[in-house]
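Written below as structure tokens is the structure these notes are about.
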């Protein structure tokens, strides 16, 4: 704690970034029971407030994080509301990339696409 106080006194930007990080981390903590429309609206308003405060910061890294949160707010909120993520799409992409690397150098493109369609359907 003493080191943190000294560090924050010497570099107030680090303290600001640390507090912003803690605020985002606290926002990500799930509320139980499952989200209702009212809780979803509260989460959305909190995220917009965090983003607004981040955009007004003097620290460039905080502004970058706030910009990222603003541009990706829909998928982030969708995760909280419906527990949806892009994990299925990422897994399919990984399997497809592996399939392509194993069959690299196939000369008949039509047959290769036919095999991909059979394998992933």
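Residue numbers (the working numbering): 3 to 123.
Note that the Cβ used here is the ideal one computed from N, Cα and C, for glycine as well.
The criterion of a C-beta distance shorter than 7 Å is satisfied by residue 61 and residue 18.
No residue range can be given for residue 110, since it is assigned to no alpha helix (DSSP H) and is classified by DSSP as neither H nor E. Cβ contact annotation for residue 81 (same chain, cutoff 8 Å, sequence separation greater than five): 87, in chain order.
Just measuring C-alpha positions, the residue of 57, 85 and 63 sitting nearest residue 72 is 57. Rounded to the nearest angstrom, the gap between the Cα atoms of residue 115 and residue 77 is 31 Å.
Rounded to whole angstroms, residue 63 and residue 120 show a C-alpha spacing of 46 Å.
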